[in-house]
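Protein chains in written order, with the numbering used here: chain A, 1 to 302; chain B, 1001 to 1302; chain C, 2001 to 2302; chain D, 3001 to 3302.
Working notes, beginning with the structure itself.
Protein chains: 4
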Amino acid sequence: MPLTPEQQAEIESERATPRQTLRAVSPGMEARLYTAHPVLDHGFVRVIDYMGDDAAICQAARVSYGKGTRSVQNDEGLIRYLMRHWHSTPFEMCEVKFHVKLPVFVARQWIRHRTANVNEYSARYSILDREFYIPRAEHLAAQSTQNNQGRGEVLQGAEAQRVLDLLREDAMRSYDHYESMLSQDGQQGLARELARMNLPANIYTQWYWKVDLHNLLHFLRLRADSHAQYEIRAYADLMCEIVADWVPAAFAAFRDYRMDAVSLSAQGAEALRRRLAGQVVTQENSGMGAREWREFVEAWGE
Amino acid sequence: MPLTPEQQAEIESERATPRQTLRAVSPGMEARLYTAHPVLDHGFVRVIDYMGDDAAICQAARVSYGKGTRSVQNDEGLIRYLMRHWHSTPFEMCEVKFHVKLPVFVARQWIRHRTANVNEYSARYSILDREFYIPRAEHLAAQSTQNNQGRGEVLQGAEAQRVLDLLREDAMRSYDHYESMLSQDGQQGLARELARMNLPANIYTQWYWKVDLHNLLHFLRLRADSHAQYEIRAYADLMCEIVADWVPAAFAAFRDYRMDAVSLSAQGAEALRRRLAGQVVTQENSGMGAREWREFVEAWGE
Amino acid sequence: MPLTPEQQAEIESERATPRQTLRAVSPGMEARLYTAHPVLDHGFVRVIDYMGDDAAICQAARVSYGKGTRSVQNDEGLIRYLMRHWHSTPFEMCEVKFHVKLPVFVARQWIRHRTANVNEYSARYSILDREFYIPRAEHLAAQSTQNNQGRGEVLQGAEAQRVLDLLREDAMRSYDHYESMLSQDGQQGLARELARMNLPANIYTQWYWKVDLHNLLHFLRLRADSHAQYEIRAYADLMCEIVADWVPAAFAAFRDYRMDAVSLSAQGAEALRRRLAGQVVTQENSGMGAREWREFVEAWGE
Amino acid sequence: MPLTPEQQAEIESERATPRQTLRAVSPGMEARLYTAHPVLDHGFVRVIDYMGDDAAICQAARVSYGKGTRSVQNDEGLIRYLMRHWHSTPFEMCEVKFHVKLPVFVARQWIRHRTANVNEYSARYSILDREFYIPRAEHLAAQSTQNNQGRGEVLQGAEAQRVLDLLREDAMRSYDHYESMLSQDGQQGLARELARMNLPANIYTQWYWKVDLHNLLHFLRLRADSHAQYEIRAYADLMCEIVADWVPAAFAAFRDYRMDAVSLSAQGAEALRRRLAGQVVTQENSGMGAREWREFVEAWGE
């Protein structure tokens, strides 16, 4: 992740000057602030600002005058209760702002989450850097043969090499042509907003992304998940670590009641009840379709 | 505005203990934090937390690594440019959280602004306090004779007195009956979620309300306006003062390009162009309807 | 539910004149259009318009050129797959617009669902009707002794009668005073926007409420639920019947994967796995708190 | 715009079978339904469904039982009043669903408007077609020398030809390599979700996009504007024609009070007032900055 010395200096200068505030402070998050945490080959996630902590969730739930903390234990119990019963509004009372550098094809998935604020680096206004995502060998996966939307085994040998060569060469050539179209050396130079259309989807972009904790957790639930594409999951996994440092009690509740939770359909719940009563449940007598039954057996055994 | 001594103590305890942070700090807002600023007879607005300052708006607009400040002058110019050209996303990068106490009929108007986060004191769960909004004599206005949605002159003498008496007596009686229905003294006691239905719309409620700066300014533009009902305008006017302390450059730009700005229809702009060229414009040759012409003349003279 | 003869005539006139359209048509919803379905003592729900049907969900999921229907069976399977895997965007492609008449305290809960469009009858502009919600005897519940937010047993005898008398008398008196404050007979007459503050929360209001199917189902999941207050559940239950007529396949999937589904926490899922393996699980060795364990035992037995 | 014969047949089959409905029908919109209106070289906009018409806006504003139409004239006056005074909620009561085919770099601007529902063709799941946007000669503009974000004069001669050659060749080569990486002929074949990263931003994608009328007009105001990039403006201009057919009164009001309206800052309004009073206003005595004064003089003369 190639920050320039100037950028690194700017980050260090911000980390060097603590100020006084009367607001809620999360020590775990202060330790993260501004630092560029690397993701993929050239990407990063930086926390730019945050609002609130675990106690702020309880304070809002109680609409209280003071800190809202009776005791840490009390707060944890309340947070678990709120999460378990889908009382989402108190979690919306915390907010976080990230600076993210990410490939365009990841950005296109990410932006589908609409309940957030975004400022993206403008390729109409500015010139993009020559930085492209090239997968590491272990992430160069074949098309899944079972799932149209998934990955199969890792590519091997000559095929893997050929893919990497094509990705690298096409990226470099596209960028060379981008630069030569923009060039005002002996010619007018194509408008930036047009020249950018030559750049492939693995080029890196950057944005500021601000979101409340409830919507961030919803994003993480979908993207820090085995069904998500590896490249966006890499960002989501890192952001899970950051959230765990920021609001430890809320993140623990999220893990237990969302990430590691299991949702049973009406038919699935009935099947488990019958099994617990000693009955044998088959697809035929379960009321489930073939595909759902397969998913059920994967989770709960035959 | 009757805070209990306990509540006042909680507020003072929060104001007493500054902490260290690396985040952006707004000195004007730190001075406001937690204090209950009175509105109407029993209401208040308290700032509970905030994120960002004027520099954070520029930092996001530039998607920058550091503070984003080149110079205060530069930042002011950029903020004015963003506001003038409706580039709203950088203003969404600041956030603020208020604790507000307000009459229910004001809350019902307020909640229509949907792009905010809210936690309201629950009358299903808790018992409401005996606090009602009773207008001051100078706000006891007659129905407007020109505008179905507006107020006319202030009521006088016996009529004013009769209105105040009715409002006070009905509020007290409703609350007495609320308490007697809830009472478990010698009876079961009606459920809170039912008993509350007896309470009139001038009873006070409370909520935590969190919103980004762009949406807050939109709210203030509509509610700190002469067409807004006085009772909600009282809140909006106070919040304008708070925002001016928080992000002075953004608020100045908002005042010049939104609050004190004038929007001319296609026909209105054409009429002004013709007047500037020395022509006489009448409703007939203006292309405006009667009502729009009246509004035009009010603003620009005959 | 007292529609005036004029209102009834307007509804019948709209139902009398079918027109031609090329759009998707849902026969079950056409049969519902405009009719005022009664709820509570004076409320109703009317479907004013709708967009899309079950096939439209599949059409959007496939981003297709034609109807998107291969076969009804295929469509049902796809809809169940989308619901099971939380692919919510295709469900957002259907939309519905309701006209609802409801008590103000119900409206205040309802409006907390922000992802909808609302036009409410304005008490600043117009005069409200003399219509109040008075619960039927079987809904006059005591405060729950176990759950601060719930109802206990039904009130009996003199206590019930006293509550009903208070609710009725206070409503009538408040409305009498509302009228007398508004009156311009021998006096100026108080502004409507002020006079309304005297009216209690069981007065009826009306609004147009428009929402997409995904957000409507989310609303119904929370409000057609045993934890919701009876009075809003009455609306949600009726709307479930309407949705079942509109998009039968989507509603069946919603019932199986949301309404009648069971969510297991990480600890709950582990407890079931151990039980299925023949082990005895207690609160102590389950990793659950007391409250969560109680909820678990209620659902799955000791 | 190359629809296959199958796609064309699907569209014609949908247009061939009118059905009966009791809903509001817009004749101008029925004539548009399903037809693929061409935009750019391979793009299109198709109306898939709509809800409401001009009368529905008034019906919602009046929260009425019947059609809400008193007379067409009355309705037009009401719609103009609502638009002039920023009463946006009645316009949210109409909804429209489009099928749009557009280059990825246009899609990336478009998606920044968050208050809409979207289903995009998935390049994780499916294989994209070999279709790229190549600008026509008259749209091949140089970078503006005055505005970092704009276009200057049209490129000429050899430079224009070179740009077109590069865009075409890079697109074809990238697509060839996309296909060869995907191929399962004698190799495993790269996962679709990875192979797509090689494709440039001028490749076409497709989506279903659903939005309410208020938010659509906001989108059109920003994108059917001379500051918008030509390629997205081409879509917005066409959509303006469609909206004019759908809700003629609302569109006329939008044109007069938004598109062709002029916003004056506090300083700009004051400057015009002084000019109308015969005074000479200069930048120095206007209170405007240099850039704002330049914009003012462009609009109102020296």
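We put the beta carbon where it would ideally sit given N, CA and C, even for glycine.
Looking at residue j and residue i, is the spacing between their C-beta atoms short of 8 Å?
i: asparagine 2202 of chain C; j: alanine 2171 of chain C; result: yes
i: leucine 2217 of chain C; j: phenylalanine 2254 of chain C; result: yes
i: aspartate 1212 of chain B; j: asparagine 117 of chain A; result: yes
i: glycine 1301 of chain B; j: glycine 3289 of chain D; result: no
i: tyrosine 2235 of chain C; j: valine 2100 of chain C; result: yes
i: proline 2200 of chain C; j: asparagine 1198 of chain B; result: yes
i: alanine 1060 of chain B; j: alanine 1024 of chain B; result: no
i: valine 247 of chain A; j: glutamine 1206 of chain B; result: no
i: leucine 166 of chain A; j: histidine 3037 of chain D; result: no
i: isoleucine 111 of chain A; j: isoleucine 3079 of chain D; result: no
i: phenylalanine 2219 of chain C; j: histidine 2085 of chain C; result: no
i: aspartate 75 of chain A; j: alanine 244 of chain A; result: no
Under a three-way DSSP split, which group does residue i fall into?
i: histidine 2139 of chain C; result: helix
i: threonine 3089 of chain D; result: helix
i: isoleucine 242 of chain A; result: helix
i: asparagine 1117 of chain B; result: strand
i: methionine 2288 of chain C; result: coil
i: glycine 2028 of chain C; result: helix
i: valine 281 of chain A; result: coil
i: serine 3180 of chain D; result: helix
i: histidine 1214 of chain B; result: helix
i: isoleucine 2057 of chain C; result: helix
i: isoleucine 111 of chain A; result: coil
Please report the distance separating the alpha-carbon of residue i from that of residue j.
i: leucine 2102 of chain C; j: alanine 1123 of chain B; result: 18 Å
i: leucine 1022 of chain B; j: methionine 1093 of chain B; result: 17 Å
i: valine 262 of chain A; j: phenylalanine 98 of chain A; result: 30 Å
i: alanine 277 of chain A; j: glutamate 298 of chain A; result: 21 Å
i: leucine 3190 of chain D; j: arginine 291 of chain A; result: 26 Å
i: alanine 1016 of chain B; j: glutamine 1007 of chain B; result: 14 Å
i: cysteine 58 of chain A; j: phenylalanine 251 of chain A; result: 14 Å
i: isoleucine 1011 of chain B; j: arginine 274 of chain A; result: 56 Å
i: histidine 3139 of chain D; j: arginine 1032 of chain B; result: 53 Å
i: glutamate 1014 of chain B; j: methionine 29 of chain A; result: 20 Å
i: aspartate 3225 of chain D; j: cysteine 3240 of chain D; result: 11 Å
i: serine 1126 of chain B; j: asparagine 2148 of chain C; result: 8 Å
i: leucine 1272 of chain B; j: valine 1281 of chain B; result: 9 Å
i: methionine 51 of chain A; j: methionine 1051 of chain B; result: 6 Å
i: aspartate 1129 of chain B; j: serine 1144 of chain B; result: 33 Å
Less than 8 Å between the CB atoms is what I'm expecting for residue i and residue j, so what's the real figure, rounded?
i: serine 3088 of chain D; j: aspartate 3053 of chain D; result: Their Cβ separation, rounded to whole angstroms, is 18 Å, which puts serine 3088 of chain D and aspartate 3053 of chain D out of contact at 8 Å.
i: leucine 3182 of chain D; j: proline 135 of chain A; result: With 8 Å as the limit, leucine 3182 of chain D and proline 135 of chain A do not qualify as a contact, their Cβ atoms being about 15 Å apart.
i: histidine 2042 of chain C; j: tyrosine 2230 of chain C; result: Not really, about 16 Å apart at Cβ, beyond 8 Å.
i: isoleucine 232 of chain A; j: valine 47 of chain A; result: The Cβ separation is near 18 Å, so there is no contact.
i: alanine 141 of chain A; j: arginine 151 of chain A; result: 4 Å
i: valine 39 of chain A; j: leucine 238 of chain A; result: 6 Å
i: tryptophan 3293 of chain D; j: glutamine 3279 of chain D; result: Contact flag wrong, Cβ pair sits at about 16 Å.
Name the chain D residues that come within less than 7 Å of residue i, Cβ to Cβ?
i: tryptophan 2207 of chain C; result: Val3063
What residues from chain A crowd round residue i, counting only those whose CB sits closer than 7 Å?
i: glutamine 1007 of chain B; result: Tyr65
Name the chain C residues whose beta carbon is nearer than 8 Å to that of residue i?
i: leucine 3033 of chain D; result: Leu2022, Arg2023
Determine the chain B residues that contact residue i at a beta-carbon separation under 7 Å, and present them in chain order.
i: glycine 2189 of chain C; result: Ala1142, Gln1143
i: valine 3262 of chain D; result: Leu1264, Ala1269
Whose Cβ in chain B lies nearer than 9 Å to the Cβ of residue i?
i: leucine 3213 of chain D; result: Simply none; closest approach about 17 Å.
List, in chain order, every chain D residue whose beta-carbon is nearer than 8 Å to that of residue i.
i: tyrosine 2121 of chain C; result: Val3063
Note down, in chain order, every chain C residue with its Cβ under 7 Å from the Cβ of residue i.
i: alanine 3060 of chain D; result: Asn2119, Tyr2208
i: phenylalanine 1105 of chain B; result: Arg2196, Met2197
Taking Cβ-Cβ distances shorter than 8 Å, what residues in chain B pair up with residue i?
i: arginine 3255 of chain D; result: Ala1266
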